[in-house]
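Before any comments, here is the structure.
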Amino acid sequence: MQFSSIIDDLAERGWSLQSSFLPSDVTHKLADECRRREAEGALAPAGVGRGEAQAVREGIRSDHIQWLEPGQAAVCDQYLGLMDELRQALNRELFLGLEEFECHFAFYPPGAFYQTHLDRFRDDDSRSVTAVLYLNPDWQPAHAGELRMHMPDGSQLDVPPLAGNLVVFLSGHFPHEVLVTQADRLSLTGWFRRRPADVLAL
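For the sequence shown, UniProt numbering assigns the number 1 to the initial residue and increments by one for each residue that follows.
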């Protein structure tokens, strides 16, 4: 797997969009795994905030998620392994000091959305790079549910959640939102993390 275009994009502008990032059969297996978990009730309403302040607030976000752990499914392990290879490449070329990758399945039913937010918490800068892989092979413009990124120059970039699209961006630089979806919307959303600055200062 070649990561050079992702690395070049991040160095130049802070974000990258790759189409057909994975072979279609792998993307389909990941989508099937997400749908299976959703059908079994394994996905739970996502919260906002963290720690004791975390709460489900459907006026802000209305997706359902389940975190990936090694050993749950072979295709998930394959994806986690690939993301670890990307982590090592980002460290080697951009010296980001990334230590781990965390991700979850996200399922948005029709009518679901996520209001504008940053992926990095104000009091915790450990989330450094966001990576979202989309799993919707039959996506059409009428289905909506695009990822809308708010760029530093005031413009907006809408990323269609089409299966195989991978968007990677610096977590603390780009406010973004998920527009209201009109059809089931599946993704794997994750973050490359480093040690928080307050830990590094000890």
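Every residue, glycine too, gets a C-beta built ideally from N, C-alpha and C.
Spatial distance of residue i from residue j (CA atoms)
i    : j    : result
V180 : A142 : 11 Å
E33  : V167 : 21 Å
S19  : E40  : 30 Å
H28  : Q78  : 13 Å
A53  : D9   : Here the model assigns A53 a pLDDT of 46, short of 50, so the residue's position is not dependable, and the following value carries that caveat. Near 35 Å, if we compare the C-alpha coordinates of D9 and A53.
S171 : A131 : 9 Å
D125 : A11  : 19 Å
V129 : F169 : 6 Å
E100 : R92  : 14 Å
Q182 : D63  : 13 Å
D153 : W15  : 14 Å
R127 : D138 : 31 Å
A44  : I6   : 31 Å
A89  : A163 : 24 Å
F3   : L86  : 7 Å
L133 : V178 : 14 Å
Q156 : G111 : 22 Å
M165 : F21  : Here residue 165 is Asn; the residue named in the question, Met, does not match the sequence. Spanning the two alpha carbons is a distance of roughly 6 Å.
V26  : I60  : 31 Å
V159 : E146 : 5 Å
E69  : A42  : 13 Å
W195 : L80  : At residue 195 the sequence reads Arg, which differs from the Trp that was named. When rounded, the distance between both Cα atoms is 20 Å.
L17  : M83  : 15 Å
L94  : P161 : 27 Å
L98  : P23  : 26 Å
Q115 : L96  : 28 Å
R148 : Q140 : 16 Å
G71  : A144 : 33 Å
8 Å contact criterion, which residue i and residue j should meet: CB distance rounded
i    : j    : result
S187 : A106 : 5 Å
P109 : H150 : Contact doesn't hold; Cβ gap of about 25 Å is too wide.
H104 : T189 : 6 Å
Nearest neighbour of residue i, chosen from the options [CA to CA]
i           : options             : result
L135        : R185, A42, L80, D8  : R185
R37         : W67, L17, I60       : W67
H173        : F3, R13, I6, S5     : R13
C76         : Q115, A46, L30      : L30
E102        : S4, R193, Q2        : R193
D119        : A46, F113, W191     : W191
R35         : A46, I65, S24       : I65
residue 235 : G97, L96, F113, L98 : Any property of residue 235 remains undetermined from this structure, which presents the chain solely from 1 to 202.
* Starting from the N-terminal side, write out each stretch of the beta strand (DSSP E) that is 3 residues or longer and does not extend beyond the stretch 69-102. => Complete beta strand (DSSP E) runs here, min 3: none at all.
* Of all the alpha helix (DSSP H) runs that stay within the bounds of the stretch 127-151, which reach a length of 4 or more residues? -> none
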